[in-house]
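Asker: Take this structure first; my questions come after.
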Amino acid sequence: MNDTQPAAYISVQHMSYSYPDGTQALRDIDLKIDRGEFIALIGQNGSGKTTLSKCLNGLYKPSRGAVIVDGLDTRSTSIVQMVRRVGYVFQNPDHQLFSANVWDEIAYGPRNIQLPADEVRARVEEAAAIVGLTSDDYEEHPFFLTKGMRQRVAIASILALQPHAIIVDEPTTGQDIPQSLEIMNFLQRLHDEQGHIIIIVTHDMPIVARYAKRVVAMGQGQVLADGPTAEVFANTPALAQTFVEPPQITQLAQRAAHLGFDPRTLSVDELVQQYLALHDR
Ligand SMILES: Nc1ncnc2c1ncn2[C@@H]1O[C@H](COP(=O)(O)OP(=O)(O)OP(=O)(O)O)[C@@H](O)[C@H]1O
Ligand SMILES: [Mg+2]
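For what it's worth, my numbering labels the leading residue of the sequence shown as 582, then goes sequentially.
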């Protein structure tokens, strides 16, 4: 290939995916994800977000086209190599958790890639600490934890593998607002302090506006809009096709655009600043 651009960390090339029953879930997807990105994958139910996520980490192999991660084609790359590169936290943590206690759950991945015992211990302790689990939690059976705690165990079990890119499918569904913000803030820290690529799959538009720098909006197995968050939210025709509405504050600014407000507004603070500027204060 004659590509003079620096290679993206993840490159999806004309990729389609069909389930064994013949359902075509993804059609001709082209997507490049660079190091350091914080992306939200949005779109209505059934648009293909989870399927695409599982293709990005090699759990599903493309039916057509290719997914290249860190220079490796997912079709010919082992799971052991993939899990070090792209981690996927399941939409429902109960599809991911199967060990008898929290420690074994988080240690499962590092043991599976045959790290030495002291390295496994260090990885588990570090990952548990990042998500706010303490040694008191290690012996707990995941079944007896709250959904929010199980989600954190699921995230820690992926973090322990130290993948460069982390995809979290619906991180805030079923969590109350403080729990949602806690999870999002720690994903933000991983991004800012350790340079991980973070991809959140979500229906929560205020969360998207607050955290994601780029939005990939899907509909019927295709990418219908892709760009900086504010630009995608301001692209009304493209967004309408995805049946997703921008956050209410953005809608307010869009409706008040004739008064001088910016239709790309993402937060109350931005709106207030504009108001003050418009009124020359
Ligand atoms: N195991 C499966 N077998 C067959 N079809 C499936 C399977 N899983 C998903 N699909 C179909 O693939 C399409 C994409 O589903 P997917 O779960 O990727 O959507 P999604 O955007 O994650 O939806 P949601 O927001 O509800 O989680 C849908 O038509 C869905 O019915
Ligand atoms: Mg899904």
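In this text, a Cβ means the ideal position worked out from N, Cα and C, and glycines have one as well. Just so you know, these numbers come straight off a predicted model, no measurement behind them.
Go ahead and pull the three-state DSSP assignment for residue 666.
Answerer: Walking along the sequence shown from the start, residue 666 turns up at place 85. Three-state result, residue 666: coil.
Asker: Which residues bound the beta strand (DSSP E) around residue 608?
Answerer: What you label residue 608 is simply residue 27 of the sequence shown in a count that begins at 1. Counting along the chain, the beta strand (DSSP E) containing residue 608 begins and ends at 605–614.
Asker: As a quick exercise: from 635, 689, 677, pick the residue whose alpha carbon is nearest that of residue 667.
Answerer: If you number the sequence shown from 1, residue 667 lands on position 86. If we check each option's Cα against that of residue 667, 635 comes out closest.
Asker: Could you check the C-alpha separation between residue 582 and residue 610 for me, to the nearest Å?
Answerer: Here residue 582 corresponds to residue number 1 of the sequence shown, with the count starting at 1. Here residue 610 corresponds to residue number 29 of the sequence shown, with the count starting at 1. The predicted model places residue 582 with a pLDDT of 49, which falls under 50 and marks its position as unreliable, so this point remains unresolved.
Asker: Thinking C-beta only, is residue 777 closer than 8 Å to residue 745?
Answerer: Here residue 745 refers to the residue found at position 164 when the sequence shown is read from its first residue. Here residue 777 refers to the residue found at position 196 when the sequence shown is read from its first residue. Yes, the pair counts as a contact, with Cβ atoms nearer than the cut-off.
Asker: Hey, how far is the Cα of residue 599 from the Cα of residue 717?
Answerer: Residue numbering aside, residue 599 sits at position 18 when the sequence shown is read from its first letter. Residue numbering aside, residue 717 sits at position 136 when the sequence shown is read from its first letter. Going from the Cα of residue 599 to the Cα of residue 717 covers about 44 Å.
Asker: Do you know how far the Cα of residue 765 is from the Cα of residue 806?
Answerer: Taking the sequence shown and counting its residues from 1, the one referred to as residue 806 is at position 225. Taking the sequence shown and counting its residues from 1, the one referred to as residue 765 is at position 184. Going from the Cα of residue 806 to the Cα of residue 765 covers about 23 Å.
Asker: Within the structure, which residues are defined as neighbours of ligand 2 by a Cβ-heavy atom distance below 7 Å, reported in chain order?
Answerer: Here the list is 630, 631, 672, 750, 751, 782.
Asker: In whole angstroms, what separates the C-alpha of residue 743 from that of residue 665?
Answerer: For the purposes of this step, residue 743 is taken as residue 162 along the sequence shown, with counting starting at 1. For the purposes of this step, residue 665 is taken as residue 84 along the sequence shown, with counting starting at 1. So the two alpha carbons sit approximately 6 Å from each other.
Asker: From the DSSP secondary-structure annotation, give me the bridge partner or partners of residue 594.
Answerer: The sequence position of residue 594 within the sequence shown is 13, counting from 1. Bridge partners of residue 594: 647.
Asker: Rounding to the nearest angstrom, what Cα-Cα distance links residue 562 and residue 820 in this structure?
Answerer: Absent from the model: residue 562. The displayed extent of the chain is 582 to 862, so no value can be given.
Asker: Please state whether DSSP places residue 815 in a helix, a strand or coil.
Answerer: As a working mapping, residue 815 is identified with position 234 in the sequence shown. Note: residue 815 maps to helix in three-state DSSP.
Asker: Tell me the residue span of the beta strand (DSSP E) that contains residue 797.
Answerer: The count along the sequence shown starts at 1 and reaches residue 797 at position 216. It spans 795–800 - the beta strand (DSSP E) in which residue 797 sits, taken as one unbroken run.
Asker: Alpha carbon to alpha carbon, how far is residue 734 from residue 825?
Answerer: On the sequence shown, residue 734 is found 153 positions in, with the first residue counted as 1. On the sequence shown, residue 825 is found 244 positions in, with the first residue counted as 1. One C-alpha to the other measures close to 30 Å.
Asker: Closest to residue 843 by C-alpha separation, out of 822, 770, 629, 814, would be which residue?
Answerer: The residue you call residue 843 lines up with position 262 of the sequence shown. The residue with the shortest Cα to Cα distance from residue 843 is 814.
Asker: If you measure from the CB of residue 600, is any heavy atom of ligand 1 nearer than 7 Å?
Answerer: Looking up residue 600 in the sequence shown gives position 19. Because some heavy atom of ligand 1 lies under 7 Å away, the Cβ of residue 600 counts as near it: yes.
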